[in-house]
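For reference, the structure is listed below as C-alpha cells.
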Amino acid sequence: MKTLALVVPCYNEADVLKLFYTETKKVVESIKDKYTTELVFIDDGSKDDTLKLIKALAAVDQSVKFISFSRNFGKEAAMLAGMDYAVKADYIGILDADLQHSPTLIPEMLRYVDEEGYDVAAARREDRKGEAKLKSLLSESFYKIINKVSETKIIESAQDFRIMRKDVVKAIISMPENIRFSKGIFSWVGFNVKWIGHTNRERAAGNTKWSITKLAKYAIDGILGFTTSPLRISFLLSFLSFFTSFACFLYAIIRNLINLLYVGTVPYILSGMFIIAGLIFICMGIMGEYLARVYTESKDRPKYIISQTNTQVKYSFTEDE
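Per our numbering: the sequence shown = residues 23 to 343.
Below, the structure written as C-alpha cells:
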C-alpha cells in the first residue's frame with residue numbers, strides 16, 4: 023500500500039485545529055483502501071494551546087505525528103521540517119490548518135499524481151473573495167513584478183497547498199538556502215505540475231497570521247531571492263545620476279554664456295546634487311539588501327530547532343541516505 027504524509031504547519035491554530043482534524047480524517051478514511059496516511063503537524067512556536075491539542079490527538083491516533091519548534095521560525099521553516107520528515111513517504115502533501123485549503127481536494131490531487139503521471143498537483147486560487155482589496159491589489163502587483171524581473175515564472179495565485187511525489191520533495195529540500203521563498207522554489211525545481219482551480223475559503227476560525235507588513239517582507243524576499251534585476255536597476259540609476267548631474271552642469275554653463283550677469287544656477291546645481299545623493303542611497307540600499315542575504319546565508323544557522331517531537335526528523339536529504 024502506498025504512503026501519504028500530509029504536512030500541516032501550525033501557528034496559534036488552537037481555535038480551528040479540532041475542526042481541521044475532523045474534516046481531514048473524513049477524507050483520509052475515504053482513501054484508506056489505497057493509502058496509508060500520516061498527519062504531520064508542525065507547531066511553529068505557538069503561544070496558545072496548539073501543541074497541547076496536537077499531543078492530545080497523537081495520544082489517541084497513531085497516524086498523528088508532531089514536530090514542535092523551540093520558537094517561531096516561520097511557515098517556510100515549518101514546511102521544510104515537515105518535508106524533511108515526510109520525504110520517506112511515496113506522496114507528500116502540504117496544507118494549512120485554517121481550512122482555507124480544503125482537504126476535500128486531496129483525493130483529486132492524488133489521482134493526478136498517482137494515476138495520471140503528474141509529479142505535482144497544486145491548487146491555485148480562482149478568486150479573492152472575502153480578501154481585503156488592498157491585500158488583493160498588492161498580491162496581484164507582486165506576481166506581475168516578479169514574473170517580469172525573474173526568469174523563474176510563478177503562477178499567479180499559486181498556493182502552497184499541493185501533493186508531490188517523493189522525488190520532487192527531495193529536490194526541494196536539497197536546496198540549502200536559509201531565506202526560503204517556497205513559491206519560487208516550487209517553480210524553480212520544475213517537474214510536471216497539474217494546477218487545480220480552488221475557490222477561496224474563509225478561515226474556519228481564528229485570525230490570519232499574515233499582516234500587510236509580513237506579506238511585504240515575504241514579497242521582497244521572493245523578489246531578491248529569485249532575480250538580480252534590482253542590482254541591474256542600481257546600475258541604470260547610476261547612469262541616470264550621471265546624466266542628471268551632467269545636464270545641470272551643462273545648463274549652468276550655457277545659461278551663463280548667454281547671460282553673463284545671470285547667477286541663478288545654484289538651485290539647479292543643488293537639485294542635481296540632491297538627485298545624485300538620493301540615487302546613491304537607493305543603490306546602496308539595494309546592494310545592502312543583497313549583502314544582508316549573503317551574510318545570513320554565510321552563517322549557515324539551522325533553519326529550525328526542534329524542542330519536542332514524537333518522531334524522528336532528518337534535517338536534510340542527500341543521495342547517500
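Even for Gly, the Cβ is constructed at its ideal location relative to N, Cα and C.
Which same chain residues, not among the five before or five after residue i, have their C-beta less than 7 Å away from its C-beta?
i: G219; result: R146, E148
i: A36; result: D70, D71, T72, L75
i: E98; result: R202, S204
i: L117; result: L28, V30, H123, P125, F183
i: E130; result: I218
i: V211; result: V190, A193, I194
i: N94; result: Y33, D66, G67
i: A180; result: A144, R146, K205
Please classify residue i as buried or exposed, where buried requires at least 16 neighbouring CB atoms within 10 angstroms.
i: G184; result: Reading off the sequence shown, one finds Arg at residue 184, where the question assumed Gly. Buried, because 16 or more other Cβ atoms sit within 10 Å of the Cβ of R184.
i: G206; result: buried
i: S92; result: exposed
i: R323; result: exposed
i: E199; result: exposed
i: I176; result: buried
i: A103; result: buried
i: D89; result: Position check: residue 89 holds Ile in this sequence, whereas Asp was assumed. By the 10 Å Cβ count, I89 comes out buried.
i: K87; result: buried
i: L272; result: exposed
i: F208; result: buried
i: F303; result: exposed
i: K325; result: buried
i: E343; result: Note that E343 has pLDDT 45, beneath the 50 cutoff, so the model's placement of it is unreliable and the number below is only indicative. Under this definition E343 is an exposed residue.
i: V62; result: buried
i: F265; result: exposed
i: M197; result: exposed
i: S39; result: Before going on, a small fix: residue 39 reads as Leu here, not Ser. Flag for L39 reads buried.
i: M306; result: exposed
i: S295; result: According to the sequence shown, residue 295 is Met rather than Ser. Under this definition M295 is an exposed residue.
i: V109; result: buried
i: I276; result: exposed
i: L262; result: exposed
i: A299; result: exposed
Could you pull the DSSP bridge partners for residue i from this structure?
i: M186; result: I114, V142
i: A180; result: R146
i: V215; result: V142
i: I328; result: F91
i: T25; result: T58
i: V30; result: F63
i: H220; result: R147
Nearest chain C C-beta to residue i closer than 9 Å, yes or no?
i: Y107; result: The chain labelled as chain C is not found in the depicted structure, where only one protein chain is given.
Can you name, in chain order, every residue of its own chain whose Cβ lies under 8 Å from the Cβ of residue i, other than the five neighbours on each side?
i: G96; result: D66
i: G139; result: N214
i: D59; result: The amino acid occupying residue 59 in the given sequence is Thr; Asp does not appear at that position. Same-chain partners within the cutoff: T25, L26, A27, L28, V50, I53, S85.
i: G310; result: none
i: Y113; result: K24, T25, L26, A27, Y57, L132, V135, D136, I185, M186, R187, K188
i: A111; result: T25, L26, A27, E60, K188
Beta-carbon within less than 6 Å of residue i's beta-carbon, same chain only, minus the 5 sequence neighbours each way: which residues are those?
i: Y57; result: K24, L26
i: P125; result: E45, T46, V49
i: E341; result: Bear in mind that the predicted position of E341 carries a pLDDT of just 44, short of 50, making it too unreliable to give a figure here.
i: K216; result: Y134, Y140, A143
i: Q330; result: S90
i: F42; result: A119, L121
Check your understanding: Which residue spans inside the region 48-98 form an unbroken beta strand (DSSP E) run of at least 3?
Key -> 57-65, 86-91
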